[in-house]
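**Q** Take this structure, written in structure tokens, and hold onto it; I'll ask about it next.
In UniProt numbering, the protein residues as written are 1 to 195.
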């Protein structure tokens, strides 16, 4: 009876969690982002502070960590997954350039997830049982991930124009080298792809 009552009380929470997971898109090399993945309806750009610049796209990328540790004398099991959040993402500039730009951001997230997985694997091979050491390493990679995203946006900084009722942008010539570099880095860490 207790098990049934526990399940009955927690069922709405479990359904909500499963529903939220179903709405997220797990990073997959064979499943690139599409225009339809950006579900939020946004009718105008967002001004970025007093910079005179405007944002024509917003994407949500999330790291999800599944963790377990059976005792203090075993290494923690940490699974790192990367998701794109369609219900918190919007895209005004429906161009191949903009879609490629957002895919590069998604790939950067996967790249840093692989770096996290590699660090976790190394710590486990060294029999590091302390969970806090693992989380500190993950936090360090997360900061580097954020810095890399900022650097990418700063170097690319595509110009957005509004002409004849449409938002337009120019492809920054630096975007292709960035894409190629991230693709190469992903390839070198291919062994740490999520299973």
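C-beta: ideal position from N, C-alpha, C; glycine also.
If I follow the unbroken beta strand (DSSP E) through residue 122, where does it start and stop?
**A** On the chain shown, position 122 is the one that residue 122 refers to. Unbroken run through residue 122 is the alpha helix (DSSP H), 96 to 125; no beta strand (DSSP E).
**Q** Using a Cβ-Cβ cut-off of 6 Å (strictly less than) and excluding sequence neighbours within five positions of residue 192, which residues of its own chain qualify?
**A** Start at 1 with the first residue of the chain shown, and residue 192 comes out as number 192. Listed in chain order, the non-local C-beta contacts of residue 192 below 6 Å within the same chain comprise 114, 117, 118, local neighbours out to five positions each way being set aside.
**Q** How big is the Cα-Cα spacing for residue 59 and residue 35?
**A** For this step, residue 59 is matched to residue 59 along the chain shown. For this step, residue 35 is matched to residue 35 along the chain shown. Residue 59 and residue 35: Cα-Cα distance of roughly 12 Å.
**Q** The beta strand (DSSP E) that contains residue 83, what's its start and end?
**A** Here residue 83 refers to the residue found at position 83 when the chain shown is read from its first residue. Residues 77 to 84.
**Q** Among 180, 24, 190, which one has its Cα closest to the Cα of residue 63?
**A** Here the question's residue 63 lines up with position 63 in the chain shown. It is 24 whose Cα lies nearest to the Cα of residue 63.
**Q** Among 41, 65, 175, 179, whose alpha-carbon lies nearest the alpha-carbon of residue 83?
**A** Sequence index remark: in the chain shown, residue 83 carries index 83 (1-based). Per the Cα distances, 65.
**Q** Just to confirm my understanding: we take residue 183, look at its own chain, exclude 5 residues before and 5 after, and list those with CB closer than 8 Å. What are they?
**A** Within the chain shown, numbered from 1, the residue matching residue 183 stands at position 183. Within the same chain, residue 183 has close Cβ partners 107.
**Q** Is residue 72 helix, strand or coil by DSSP?
**A** As a first step, residue 72 is located in the chain shown; it is residue number 72 there, counting from the start. Coil, per DSSP.
**Q** Could you tell me the distance, in whole angstroms, from the CA atom of residue 141 to the CA atom of residue 79?
**A** In the chain shown, the residue the question calls residue 141 occupies position 141. In the chain shown, the residue the question calls residue 79 occupies position 79. Looking at the two C-alpha atoms, the distance is approximately 15 Å.
**Q** Is residue 179 helix, strand or coil when you go by DSSP?
**A** In the chain shown, the residue the question calls residue 179 occupies position 179. If DSSP states are grouped into helix, strand and coil, residue 179 belongs with the helices.
**Q** Whose CA, out of 190, 137, 111, lies closest to the CA of residue 123?
**A** Indexing the chain shown from 1 puts residue 123 at position 123. The residue from 190, 137, 111 with its alpha-carbon nearest to that of residue 123 is 137.
**Q** What residue range is occupied by the uninterrupted alpha helix (DSSP H) comprising residue 141?
**A** What you label residue 141 is simply residue 141 of the chain shown in a count that begins at 1. Counting along the chain, the alpha helix (DSSP H) containing residue 141 begins and ends at 131 to 156.
**Q** Have a look at 151, 125, 76 and flag the residue whose alpha-carbon is nearest the alpha-carbon of residue 104.
**A** On the chain shown, position 104 is the one that residue 104 refers to. Nearest option by C-alpha distance: 151.
**Q** Check each candidate in 77, 41, 109, 135 and name the one with the smallest Cα separation from residue 89.
**A** Locating residue 89 in the chain shown gives position 89, where the first residue counts as 1. It is 41 whose Cα lies nearest to the Cα of residue 89.
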